[in-house]
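Visitor:
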Amino acid sequence: MDNGGNDRADFLAKSATEKDLIDLEFYQSARQLRNASNQNIKEKWQARWADSRKGIWTKVFYEKVDTKRICGDFCFNQVLTGQGVFGSFQTSMFCKPAECGQNIESVSHLSLGCELWRDLRSKWPKNWKNKDLKELVSLSSFCNC
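Numbering (the working numbering), first residue to last: 1 to 145.
#1: Grab me the residues of Trp117's own chain with a C-beta within less than 6 Å of its C-beta, minus the 5 sequence neighbours each way, in chain order.
#2: Determine the contact status of Phe86 and Glu105, defining contact as a CB-CB distance below 8 Å.
#3: In or out: Cys95 buried (at least 16 other Cβ within 10 Å) or exposed?
#4: How many Å lie between Gly55 and Phe26 at the Cα?
#5: When we look at the beta-carbon of Val79 and count the other beta-carbons within 10 Å, is it buried (16 or more) or exposed?
Dropping the structure here:
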């Protein structure tokens with residue numbers, strides 16, 4: 001009985017144990033490649049977000065990029081972006097003057113210091129500054145301004 005194939009396999013196996021360097025490579029699995037690719041994409045996205053001069057107001061709430069979905073609504077999106085109904089945006093787009101006369105009327109101005117909103121702010125919870133934006137936007141007294 002000829003065991004030439006087995007003899008050759010035995011020889012190669014013994015030879016492999018005598019090598020200083022193993023010449024067999026295991027490549028990454030599809031999942032490992034996908035995870036590494038996703039990590040690379042997220043790192044590049046974070047670098048672009050950090051270096052961008054756009055979205056300064058949004059960066060107050062979201063310093064780091066994230067792939068979690070945000071289910072916003074009209075009011076949430078207005079506050080988050082600082083666009084739309086706020087005077088600062090209206091002035092920049094349509095040259096409309098701010099109602100308070102200070103020509104600021106940004107989200108931070110309205111929520112922290114605008115005299116026109118003082119009565120509305122008094123209806124907000126006492127700890128409103130400690131709340132998450134999503135919690136604030138869900139309050140009817142916050143959104144019905």
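Ideal placement from N, C-alpha and C gives every residue a C-beta, glycine not left out.
Guide: In short, the structure shows the following:
#1: Reading the sequence shown from its first residue, position 117 is the one you call residue 117. Around Trp117: Leu110.
#2: As a first step, residue 86 must be located in the sequence shown, where it is residue number 86. As a first step, residue 105 must be located in the sequence shown, where it is residue number 105. Contact flag set, yes.
#3: Residue numbering aside, residue 95 sits at position 95 when the sequence shown is read from its first letter. Exposed: under 16 other Cβ atoms inside 10 Å.
#4: Residue numbering aside, residue 55 sits at position 55 when the sequence shown is read from its first letter. Residue numbering aside, residue 26 sits at position 26 when the sequence shown is read from its first letter. Spanning the two alpha carbons is a distance of roughly 43 Å.
#5: For the purposes of this step, residue 79 is taken as residue 79 along the sequence shown, with counting starting at 1. Per the 10 Å Cβ criterion, buried.
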